[in-house]
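Student: If you scroll down you'll find the structure; I have some questions about it.
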Amino acid sequence: EQSAYRELLKLREREHQVARSRNNSNRASANSEQFQQQLQQLELTQREDRYETQRMAQSQQQTERQEDLQALNRLRDLARRQNEMTDRLREAEAALRQARSEQERQEALRQLKRLRDEQMEALRDVDDLQQRMENQQNRQRMVEARERLDDSREQIRQSTEALEQGMLSQAITATARAGQQLEQMREEFQRRTSSQFSDAMRDMRDQARELDEEQNRIADEMQRQIEARQRSLAGDNMSRELAERIERQRQAMDELVDQMKTTSEQAEVSEPLLSRKLYDTLRETDTENLNRALQATGELLRRDFLPQAKEIERRAGEGIEGLREGVEQAARNVLGDEAEALRLAQRQLDELIRDVNDEVAQAAGAQRTQSDDANEPTRRAGRRQANAQQGMRDNPQDSGEEQDQPRPGETAGAGERQQAQENGLQRGSRRGQTRGNQNERTDPTGRGGVRTDGGPRDDQGDRGPFTGEDFLTWSDRLRDVEDMLPDRDLRDNAARVWDRARAVRAEFKRHGKEPQWDLVKSQIMDPLAQLRQRVTERLAQLQSDEALVPIDRDPVPDRFADVVRSYFENLGRQENP
9 EQSAYRELLK
19 LREREHQVAR
29 SRNNSNRASA
39 NSEQFQQQLQ
49 QLELTQREDR
59 YETQRMAQSQ
69 QQTERQEDLQ
79 ALNRLRDLAR
89 RQNEMTDRLR
99 EAEAALRQAR
109 SEQERQEALR
119 QLKRLRDEQM
129 EALRDVDDLQ
139 QRMENQQNRQ
149 RMVEARERLD
159 DSREQIRQST
169 EALEQGMLSQ
179 AITATARAGQ
189 QLEQMREEFQ
199 RRTSSQFSDA
209 MRDMRDQARE
219 LDEEQNRIAD
229 EMQRQIEARQ
239 RSLAGDNMSR
249 ELAERIERQR
259 QAMDELVDQM
269 KTTSEQAEVS
279 EPLLSRKLYD
289 TLRETDTENL
299 NRALQATGEL
309 LRRDFLPQAK
319 EIERRAGEGI
329 EGLREGVEQA
339 ARNVLGDEAE
349 ALRLAQRQLD
359 ELIRDVNDEV
369 AQAAGAQRTQ
379 SDDANEPTRR
389 AGRRQANAQQ
399 GMRDNPQDSG
409 EEQDQPRPGE
419 TAGAGERQQA
429 QENGLQRGSR
439 RGQTRGNQNE
449 RTDPTGRGGV
459 RTDGGPRDDQ
469 GDRGPFTGED
479 FLTWSDRLRD
489 VEDMLPDRDL
499 RDNAARVWDR
509 ARAVRAEFKR
519 HGKEPQWDLV
529 KSQIMDPLAQ
539 LRQRVTERLA
549 QLQSDEALVP
559 IDRDPVPDRF
569 ADVVRSYFEN
579 LGRQENP
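For the sequence shown, my numbering begins at 9 and goes up steadily by one.
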């Protein structure tokens, strides 16, 4: 056996692993030239490098996922609007039926006319979604979705025609049917295009965070009650209210635990990592003891045993905090890194705010330019008259010649204005050439790119998302930000901004008038800036648990204002003796 083992060792030295170099460069040592020549005579298998193909496949999958998310967002919005339209039509029908005076009846009819205009806007949005589904990259994947969307479009069209003819019952029926079809499409589309546990984990994460925050507020309130009783031997009797809040906490925790158990069982096959993490969180938290701790805390509060209740509440708070951390870790496996999503949302918000700010500034500059051009003949006539009078006083013989010669300042100013106008026209033409090949959305008024209230808008060009052709792209980017945000409150803020932006754009398309830029700034740009600030604060909290992050900017209470003022005054005198 030993001799056989030695022979095997000798054979092992003669085995070599050979691969063809990609750049065909062979570095041989001086004592292996013969071996290298033998290797070059071998016919080696050519292994193809498939990394480039893999990267192309990943890029294509990412593009398809992005298109699916955009279609899903639009379906969700259309379904929500049709459901709301059904309720508003029923309210308008009731108001029209209960109208006792001609004024009330006319107001109800005007409301119905506004609802009909909104249905026409929804019809155009459906056409946009169909056009998006008919793109080359989506045509084969979304054949069934396009056919079902066409049925929903027919229902919306029938609703619009029924409103024009005054048949409210038929309009309500068609609108309700369209809302149901769109809602079913949204659910099926979401199940097919996204992970089936994404929404469930996002909801559970929001519930766990809200549960932990409320428990912290209850703990702070209990501590304040204990300190108040130690000072005054009486304090406020808030124990019963705290007991009710603890009971609501217990019920909310039971619902969260049941949802975690259900998700863990459903994800056992398709998402084993998620299932295991949820199971471990439930086991480590010991939810049964946590439930009993909350029950005991509520009972002690009802009996007004506040110190004992505070001790048990502390253990319950630790259990809820562990539950929240476990749910967040499980959600991270499905939803991805929250910090990276917030950073991407922050960059997107910066671009959205910059686009709106540029359009507002450009509109303000255009108004000032028009005002200056309108007043220029008056100012020029005044300067000529003043120059003529001054020339007659100084040199009467040369006054006639100076009247016809422009002053150097006038020549420079006219040249600068002419150059600015030429640059503006060039920018407008370049912008028009860039967007000339894009799919244009037909104006419902039939005006296209020309305004009927005063002439074409070619002197300004397509200035931005609200008055140009970039609103669809801008709104899609805002929808992307809404999907990136992890908190429900932040997503609701982004959705409200999107609704206001859509209303401003619809008003511009309907009437062809410039938006009220002060309202655009206060209702769209300022809320976007506030949303970005909240995203920054949330990102700072995630990046460092020990960092001091400004959560709010509440003013100093009045009773401490003098103390704070004197503190900073003393601090300034110490730094500047």
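Built from N, CA and C at the ideal position, the CB exists for glycine as well.
How many angstroms separate the CA atom of ASN501 from the CA atom of LEU77?
Tutor: Distance between the alpha carbons of ASN501 and LEU77 is about 19 Å.
Student: Which class does GLY580 belong to by DSSP, given the choice of helix, strand or coil?
Tutor: In this structure, GLY580 counts as helix in the three-state DSSP scheme.
Student: Under 8 Å by Cβ, that's how I've got GLY187 and ALA87 pegged, so tell me the actual separation to the nearest angstrom.
Tutor: Their Cβ separation, rounded to whole angstroms, is 6 Å, which keeps GLY187 and ALA87 in contact under 8 Å.
Student: Quick one: grab the DSSP three-state call for THR305.
Tutor: Correct three-state label for THR305: helix.
Student: Whose C-beta lies closer than 6 Å to the C-beta of GLU522 among residues of the same chain, with five residues either side of it excluded?
Tutor: Once the five neighbours on either side are set aside, GLU522 has no close Cβ partner at all.
Student: Residues in its own chain within less than 8 Å of ARG332 by CB, not counting five upstream and five downstream?
Tutor: So the list reads ALA216, ARG217, LEU219, ASP220, once near-sequence residues are dropped.
Student: Can you tell which of LEU282, GLN189, ALA301 has its C-alpha closest to the C-alpha of GLU223?
Tutor: Residue identity differs from the one stated: residue 223 is Gln in this sequence, not Glu. Ranking the options by Cα distance to GLN223, first place goes to ALA301.
Student: Start and end of the alpha helix (DSSP H) containing THR475?
Tutor: Segment: none, THR475 is in no alpha helix (DSSP H) and carries neither H nor E.
Student: Buried or exposed: LYS121, going by 16 or more other Cβ atoms within 10 Å of its Cβ?
Tutor: Label assigned to LYS121: exposed.
Student: Could you tell me the distance, in whole angstroms, from the CA atom of ALA509 to the CA atom of GLN114?
Tutor: Using only the alpha carbons, I get a separation of about 29 Å.
Student: Quick check on DSSP: helix, strand or coil for GLU263?
Tutor: It is helical.
Student: Looking at C-alpha atoms only, which residue of LEU104, TRP506, ASP358, GLU99 is the closest neighbour of ASP85?
Tutor: Cα-wise, what sits closest to ASP85 is TRP506.
Student: Indicate the three-state DSSP secondary structure (helix, strand or coil) for GLY325 in the structure shown.
Tutor: It is helical.
Student: At what residues does the alpha helix (DSSP H) containing PRO280 begin and finish?
Tutor: Note, PRO280: alpha helix (DSSP H), 280–293.
Student: Quick check: the Cα distance between VAL364 and ALA353, rounded to an integer number of angstroms?
Tutor: VAL364 and ALA353: Cα-Cα distance of roughly 17 Å.
Student: For the alpha helix (DSSP H) that PHE516 lies in, which residues bound it at each end?
Tutor: Unbroken alpha helix (DSSP H) run through PHE516: 496–519.
Student: In or out: PHE568 buried (at least 16 other Cβ within 10 Å) or exposed?
Tutor: So PHE568 ends up on the exposed side.
Student: Compute the Euclidean distance between the alpha carbons of ILE226 and ASP294, then round it to the nearest angstrom.
Tutor: ILE226 and ASP294: Cα-Cα distance of roughly 21 Å.
Student: By Cβ distance below 8 Å, which residues in the same chain neighbour ASN299 in space, the five residues on each side in sequence not counted?
Tutor: Cβ neighbours of ASN299 beyond the five flanking positions: ARG258, MET261, ASP262.
Student: Around the Cβ of ARG581, are there at least 16 other Cβ atoms within 10 angstroms (buried) or fewer (exposed)?
Tutor: Exposed is the call here.
Student: Taking the alpha helix (DSSP H) that SER530 belongs to, which residues open and close that run?
Tutor: That residue, SER530, is in no alpha helix (DSSP H); it is neither H nor E in DSSP.
Student: Cα separation between ALA372 and GLU359?
Tutor: Distance between the alpha carbons of ALA372 and GLU359 is about 20 Å.
Student: Output yes or no for whether 7 Å exceeds the beta carbon distance between ARG485 and GLN356.
Tutor: Yes, Cβ-Cβ distance for ARG485 and GLN356 is below 7 Å.
Student: Does the distance from the CB of ALA338 to the CB of LEU286 come in under 7 Å?
Tutor: Closer than 7 Å, so yes.
Student: Does the Cβ of PRO473 have 16 or more other Cβ atoms within 10 Å, making it buried, or fewer, making it exposed?
Tutor: Classification for PRO473: buried.
Student: How would you call ALA182, buried or exposed, if buried means at least 16 neighbouring beta carbons within 10 angstroms?
Tutor: So ALA182 counts as buried.
Student: Fully enclosed by the stretch 177–259, which alpha helix (DSSP H) runs are 4 residues long or longer?
Tutor: Taking only runs of at least 4 residues, the alpha helix (DSSP H) segments lying wholly in the stretch 177–259 are 206–240.
Student: Short of 6 Å in beta carbon distance, which residues of its chain neighbour VAL571, apart from the five on each side in sequence? Order them along the chain.
Tutor: The answer is none, since no qualifying residue turns up.
Student: Is PRO115 helix, strand or coil when you go by DSSP?
Tutor: Looking at the sequence shown, residue 115 is not Pro but Glu. If DSSP states are grouped into helix, strand and coil, GLU115 belongs with the helices.
Student: Using a 10 Å radius around the Cβ and a threshold of 16 neighbouring Cβ atoms, would you call GLY174 buried or exposed?
Tutor: Exposed, since its Cβ has fewer than 16 Cβ neighbours within 10 Å.
Student: Per the contact definition of three or more C-beta pairs closer than 8 Å, is the stretch 318–330 in contact with the stretch 517–534?
Tutor: Touching, no, given that fewer than three Cβ pairs across the two stretches are closer than 8 Å.
Student: For VAL335 and MET212, which I take to be in contact (beta-carbon distance under 8 Å), what is that distance rounded to the nearest angstrom?
Tutor: Contact holds; Cβ gap of about 5 Å.
Student: Tell me whether MET312 sits in a helix, a strand or coil according to DSSP, three-state version.
Tutor: Looking at the sequence itself, residue 312 is Asp, so the reference to Met does not match. ASP312: coil per DSSP, three-state reduction.
Student: Consult DSSP for SER109 and reduce its assignment to one of helix, strand or coil.
Tutor: Three-state result, SER109: coil.
Student: Is it right to say ASN578 is buried, meaning 16 or more other beta carbons lie within 10 angstroms of its own, or is it exposed?
Tutor: Its Cβ having fewer than 16 others within 10 Å, ASN578 is exposed.
Student: Measuring only the C-alpha atoms, how far is PRO315 from ARG256?
Tutor: Distance between the alpha carbons of PRO315 and ARG256 is about 21 Å.
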